[in-house]
Amino acid sequence: MPELPEVETVRIGLARLLPGRVVVRATHDTAKSFPNESRSVEKHLIGATVITVRRRGKALMIDLDTGYSLVVHLKMTGQLVFRDAVGERFGAGHPTDSLVGELPDRSTRVTLDFQDESKLFFNDQRKFGWMKLVQTELVEQEPFFLKLGPEALADDFTFEQFRAAVLRRKGTTIKAAILDQSVLAGVGNIYADEGLFAARIHPATRAGDVSTLKLKRLYRALREVMRLSISLGGSSDKNYVDAEGRKGSYLTFAKVFRREGQDCPVCSTKIIKLRVAGRGTHICPRCQKQGRLS
DNA sequence: CACTTGACCTGTCCGC
DNA sequence: TGCGGACAGGTCAAGT
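For the first sequence, the working numbering assigns the number 22 to the initial residue and increments by one for each residue that follows.
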């Protein structure tokens, strides 16, 4: 479930760990990682030095000094875990609740070996994620990036832009609208539920029926909740870990997500779970009433 | 065209 | 205990 805050947490870790390291070997499973790219992997990845690590939406870009970038999407269960040369950094004695043991393991899809004998593992239990090698200056031309809307946390992403984008999807539910990566890039199921709760909006409300006041609250809430999550290292349900194999703690602070049956922190009504936009959806049925303009 | 649903995968949990 | 089925949820293709 890596969404913007989780991917950003990974980016922060990798941006500290990877620059300057030189790739000497890349081993990968078949199919989804580097499909038909063997030759460019050999030419543009092996021997390359990592320059920076960037994020756009829920995707990461590891820029190399060869003019190419490794583009990674973690989808549901992807992990990018770094291990130093000793390989003991997160072993016994380390004060972490790392979920990740010996690597590679059976979920490892790609291993990058660096010259100093450190390694980067791309693990992905469900194999939905992907890793591609793309010319850096052509990254934005990739179909995935062409479709992305503005960065949810960008300073210049204004409420007016948010409102206009949501209204392009006015016929669908507000939850489906904010999950649409062409409306804004980065929101996933967790932060959609948390943002809608904070803004007191029922997720099944038609997007075009949400009042301007509530839309404004939603815009603020989504950004606040994701910023808070980044500061807490993201949300770890099962699979998600950061670049050093550590969990995030945001879910401890989540108000409704995965809290069905518990009391609403505002009004003590029992939180319920329903299905909206084809996703598991958590609401307080009292705080989030449908079809009421306010 | 606008929107919804199913497929992609694997592991886990729930009910019988 | 074993087993089928639902579920997890990001994105794209296919369906309505």
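A virtual CB, placed ideally from N, CA and C, is assigned to each residue, including glycine.
Starting from the C-beta of residue i, find all residues in its chain whose C-beta is less than 6 Å away, skip the five residues before and the five after it, and write them out in chain order.
| i | result |
| --- | --- |
| Leu95 | Pro23, Gly150 |
| Asp134 | Val45, Arg46, Lys140 |
| Asp118 | Residue confidence is low: Asp118 scores 46 on pLDDT, short of 50, so the model does not pin down where it sits. No coordinate-derived value is stated. |
| Lys153 | Val92 |
| Gly207 | Leu25, Gly78, Ala173 |
| Lys168 | Ser203 |
| Arg307 | Cys288, Thr290 |
Looking only at its chain, what residues have a beta carbon closer than 7 Å to the beta carbon of residue i, apart from the 5 residues adjacent to it on each side?
| i | result |
| --- | --- |
| Val231 | Ile195, Ile222 |
| Gln146 | Thr98, Ser128, Asn260 |
| Thr30 | Ile251, Gly254, Gly255, Asp263, Gly269 |
| Pro125 | Thr132, Phe142 |
| Gly170 | Ala186, Gln202, Ser203, Val204, Leu205, Ala206 |
| Thr193 | Ala228 |
| Val160 | Met82, Ser90, Val92, Phe166 |
For the ligand ADP, any of its heavy atoms closer than 6 Å to the Cβ of residue i?
| i | result |
| --- | --- |
| Ala275 | For the structure depicted, the ligand ADP is absent and the ligand set is empty, with no information on it obtainable. |
Going by the CB atoms, is the gap between residue j and residue i shorter than 7 Å?
| i | j | result |
| --- | --- | --- |
| Ser90 | Val155 | yes |
| Gln100 | Val43 | no |
| Gly78 | Gln202 | yes |
| Leu243 | Gly269 | no |
| Asp86 | Ile67 | no |
| Asp84 | Thr179 | no |
| Arg104 | Asp50 | no |
| Ala316 | Val74 | Because the chain here runs from 22 to 315, residue 316 falls outside it and cannot be looked at. |
| Val102 | Gly266 | yes |
| Ala324 | Arg238 | With the chain running from 22 to 315 in the structure shown, residue 324 is simply not present. |
| Arg184 | Leu249 | no |
Just reading off the beta strand (DSSP E) that residue i is part of, what are its end residues?
| i | result |
| --- | --- |
| Asn144 | 140–145 |
| Met152 | 151–156 |
| Phe178 | Element bounds for Phe178: n/a, residue is neither H nor E. |
| Ala47 | 44–49 |
| Leu200 | First-last for Leu200: 195–200, but that is the alpha helix (DSSP H), not the beta strand (DSSP E). |
| Leu295 | 293–297 |
| Leu38 | Counting along the chain, Leu38 falls outside any beta strand (DSSP E), though it belongs to the alpha helix (DSSP H) covering 25–38. |
| Asp134 | 129–135 |
With residue i as the anchor, note down where its alpha helix (DSSP H) starts and where it stops.
| i | result |
| --- | --- |
| Tyr271 | 271–274 |
| Gln162 | Taken as a continuous stretch (DSSP letters only), Gln162 belongs to no alpha helix (DSSP H), as it is neither H nor E. |
| Thr302 | That residue, Thr302, is in no alpha helix (DSSP H); its beta strand (DSSP E) goes 300–304. |
Grab me the residues of residue i's own chain with a C-beta within less than 8 Å of its C-beta, minus the 5 sequence neighbours each way, in chain order.
| i | result |
| --- | --- |
| Ser61 | Tyr89, Leu154 |
| Leu200 | Val208, Gly209, Asn210, Ala213, Ala298, Arg300 |
| Cys285 | Lys276, Val277, Lys291, Ile292, Cys305, Arg307, Cys308 |
| Gly34 | Phe103, Asp263, Ala264, Glu265 |
Query raised in the report: Can at least three beta-carbon pairs, one atom from the region 186–199 and one from the region 264–274, be found at a separation below 8 Å?
Result: no
Query raised in the report: In chain order, which continuous runs of the alpha helix (DSSP H) of length 4 or greater are located wholly inside the region 210–249?
Result: Entirely contained in the region 210–249, the alpha helix (DSSP H) runs reaching 4 residues are, in chain order, 210–219.
Report task. Would you mind listing the beta strand (DSSP E) stretches within the region 64–106 that are 3+ residues and don't spill past its ends, in chain order? Result -> 71–77, 80–85, 89–94, 99–104
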